[in-house]
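> Quick one: this structure, given as structure tokens, is what I'll be asking you about.
Numbering (full-length UniProt numbering), first residue to last: 1 to 415.
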């Protein structure tokens with residue numbers, strides 16, 4: 001299996017520090033530099049206000065995070081007024097231009113009020129329930145020691161062994177920082193262009209045998225993920241949110257409409273009046289958006305994924321497409337392309353790259369997120385299962401999330 005390099009492309013993970021010398025070196029330089037530039041930074045902060053002080057460790061200004069809550073509640077109150085005051089009341093008073101009378105008006109009123117109260121209650125529950133702040137569950141810790149860092153992830157494991165058995169003679173992490181920086185720059189900046197591999201192989205050149213084309217592997221998460229802003233070792237599925245300024249357990253995404261993140265803690269919500277038309281249009285827009293999110297998150301729950309984890313499948317598909325285009329071009333050798341894809345599926349057991357946290361049936365996955373109480377599936381009551389730190393994983397993956405070939409699976413899964 002080819003080496004896998006750790007890389008997490010998530011804007012909420014700006015604070016993640018792979019245990020490397022680059023972190024120690026950059027922090028030392030920044031600390032010494034900050035003593036000289038602090039007065040200038042202080043003046044700039046006073047001059048430009050809170051925006052100049054924004055860092056990944058500081059949350060966004062509360063107005064920018066919470067304004068959508070006021071908007072949603074205002075729309076909820078306005079819709080209540082339109083339905084009750086402009087639709088149901090004329091029906092109950094036998095004054096509606098639609099010709100519908102008291103029974104219809106009362107029925108609509110009772111049904112709408114029940115649904116409206118459920119919606120508002122559920123929304124307020126989401127707003128006041130925290131997503132699960134990692135720093136309240138995980139104690140702060142110092143930057144991990146250099147001995148905890150696996151240099152073999154960068155293909156230079158022989159550096160430490162070449163220095164002898166004495167730890168004092170081993171290279172310091174600051175000495176290895178230039179190597180880590182060089183590798184990081186190479187991985188990040190030297191990516192194939194969009195035109196790379198789109199041309200067909202040169203006429204007369206030998207087409208590569210489809211049996212020898214290796215499948216690209218996804219980036220392997222580092223064994224230790226330390227957040228330099230929260231100063232904690234991040235548990236699995238935890239990411240740093242730059243909007244909230246903290247690490248979130250089982251981070252899904254930062255939701256504008258509830259003013260905070262979605263994570264482990266809250267991961268379980270004829271002559272016609274012009275205002276009625278406007279309310280129907282807005283309800284349809286929000287209804288379509290909510291329906292798409294509803295169906296999407298049901299799929300994510302039963303497949304053991306969060307939104308940010310589901311991106312790995314898309315990235316893997318793009319990587320495989322680039323390899324096939326590089327070897328066979330875009331419009332040619334379709335037979336070889338299909339054979340390569342079939343070989344990959346047989347070698348890797350057709351297991352999705354983002355299926356690390358699938359451990360049982362769809363009902364078991366659903367109950368892990370939503371709880372075992374059926375009443376809790378509808379009403380915003382109860383609490384999440386587990387502790388937000390430890391999760392049962394798919395045995396088709398290695399202990400550190402490595403994507404294993406079928407021959408490396410446990411024997412009972414190879415059948």
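From the three backbone atoms N, C-alpha and C, an ideal C-beta is built for every residue, glycine too.
Leaving out five residues on either side along the sequence, give the residues of the same chain with a beta carbon under 8 Å from the beta carbon of residue 255.
Cβ within range, chain order: 261 and 262.
> Measure the alpha-carbon distance for residue 91 versus residue 297 and round it to whole angstroms.
About 38 Å.
> Counting only the same chain and skipping the five closest in sequence on each side, list residues whose C-beta sits under 7 Å from that of residue 252.
Closer than 7 Å at Cβ, skipping near neighbours: 262, 263, 267, 306, 307 and 308.
> What is the DSSP secondary structure of residue 383, counted as helix, strand or coil?
Of the three classes helix, strand and coil, the one that applies to residue 383 here is coil, per DSSP.
> Three or more C-beta pairs closer than 8 Å, one from the segment 338-350 and one from the segment 290-304: is that the case here?
Taking 8 Å as the limit for Cβ pairs, the verdict is that the segment 290-304 does not touch the segment 338-350.
> Residue 358 and residue 304: beta carbons closer than 7 Å?
Result yes, Cβ atoms of residue 358 and residue 304 sit closer than 7 Å.
> Specify, as a first and last residue, the run of the alpha helix (DSSP H) that residue 337 falls within.
Taken as a continuous stretch (DSSP letters only), the alpha helix (DSSP H) holding residue 337 covers 334-348.
> Out of curiosity, what's the CA-to-CA distance linking residue 277 and residue 62?
Using only the alpha carbons, I get a separation of about 34 Å.
> Considering just the uninterrupted stretch of the alpha helix (DSSP H) at residue 322, what are its terminal residues?
Residue 322 -> alpha helix (DSSP H) spans 307-328.
> From the DSSP output, read off the bridge partner residues of residue 260.
DSSP, once it has assigned bridges, lists 255 as partnering residue 260.
> Return the Cβ separation of residue 336 and residue 207 in integer angstroms, given the expectation that the two are a contact with Cβ distance under 8 Å.
With 8 Å as the limit, residue 336 and residue 207 qualify as a contact, their Cβ atoms being about 7 Å apart.
> In whole angstroms, what separates the C-alpha of residue 114 from that of residue 409?
Each residue's Cα considered, the two are about 51 Å apart.
> For residue 77, report the span of its beta strand (DSSP E) as first-last.
From DSSP, residue 77 is part of no beta strand (DSSP E) but of the alpha helix (DSSP H) over 62-80.
> Over what stretch of residues does the beta strand (DSSP E) that includes residue 239 continue unbroken?
Note, residue 239: beta strand (DSSP E), 239-241.
> Report the rounded CA-to-CA distance for residue 95 versus residue 87, giving the unit in angstroms.
Straight-line Cα distance between these residues: approximately 10 Å.
> Could you have a look at residue 14 and say whether DSSP puts it in helix, strand or coil?
Any reading at residue 14 must be qualified, since the residue scores a pLDDT of 42, below 50, and its modelled position is unreliable; no value is offered.
> Helix, strand or coil: how does DSSP classify residue 87 here?
Note: residue 87 maps to helix in three-state DSSP.
> What number of angstroms, rounded off, separates the C-alpha of residue 240 from the C-alpha of residue 274?
Between residue 240 and residue 274, the C-alpha separation is close to 45 Å.
> On the criterion of 16 or more Cβ atoms from any shown chain inside 10 Å, does residue 403 qualify as buried, or is it exposed?
Residue 403 is buried by the Cβ-count criterion.
> Just tell me which of 405, 286, 401 and 406 has its CA closest to the CA of residue 220.
The option with the nearest alpha carbon to residue 220 is 401.
> Using the Cβ count rule (16 or more neighbours within 10 Å means buried), how would you classify residue 354?
Label assigned to residue 354: buried.
> Using a Cβ distance threshold of 8 Å, determine whether the segment 215-230 contacts the segment 97-105, with at least three qualifying pairs required.
No, the segment 215-230 is not in contact with the segment 97-105.
> So, helix, strand or coil for residue 331, using DSSP?
Three-state DSSP puts residue 331 in coil, outside helix and strand.
> Short check: CB of residue 380 to CB of residue 125, under 7 Å?
Against a cut-off of 7 Å, the Cβ pair of residue 125 and residue 380 comes out as a contact.
> Is residue 377 buried or exposed, if buried means 16 or more other CB atoms sit within 10 Å of its CB?
Exposed, by the Cβ-count rule.
> In whole angstroms, what separates the C-alpha of residue 14 from that of residue 99?
Confidence at residue 14 is low in this model, with a pLDDT of 42, below 50, so its placement is unreliable and the value that follows should be read with caution. Straight-line Cα distance between these residues: approximately 60 Å.
> Buried or exposed: where does residue 111 fall if 16 or more other Cβ atoms within 10 Å of its Cβ makes it buried?
Its Cβ having fewer than 16 others within 10 Å, residue 111 is exposed.
> Give the C-beta separation of residue 210 and residue 143 to the nearest angstrom, bearing in mind that I take them to be a contact with Cβ-Cβ under 8 Å.
Residue 210 to residue 143, Cβ: 47 Å. No contact.
> Using 10 angstroms around the beta-carbon of residue 281, count the other beta-carbons present and answer buried if the total reaches 16, otherwise exposed.
When all chains shown are included, residue 281 counts as exposed.
> I'd like the list of long-range same chain contacts for residue 446, defined as Cβ closer than 7 Å, with 5 residues on each side in sequence excluded.
As displayed, the chain neither begins before 1 nor continues past 415, which places residue 446 out of reach and without an answer.
> With distances taken from CA atoms, which of 284, 301 and 246 is nearest residue 135?
Considering only alpha carbons, the answer is 246.
> Which residue wins for smallest C-alpha separation from residue 356, given the options 323, 75 and 399?
Of 323, 75 and 399, the residue nearest in Cα terms is 399.
> Between residue 349 and residue 406, which are expected to be in contact by the criterion C-beta below 8 Å, what is the C-beta distance as a whole number of angstroms?
Yes, they are in contact, since the Cβ atoms of residue 349 and residue 406 sit about 4 Å apart, within 8 Å.
> For chain B, check one thing: does any of its Cβ atoms lie closer than 7 Å to the Cβ of residue 227?
No chain B is present in this structure, which holds just one protein chain.
> Hey, residue 258 and residue 389 are a contact pair by Cβ (cut 8 Å); roughly how many whole angstroms apart?
Actually they do not touch by this definition, with Cβ atoms about 23 Å apart.
> DSSP state of residue 397, grouped into three classes?
Here residue 397 sits in strand by DSSP.
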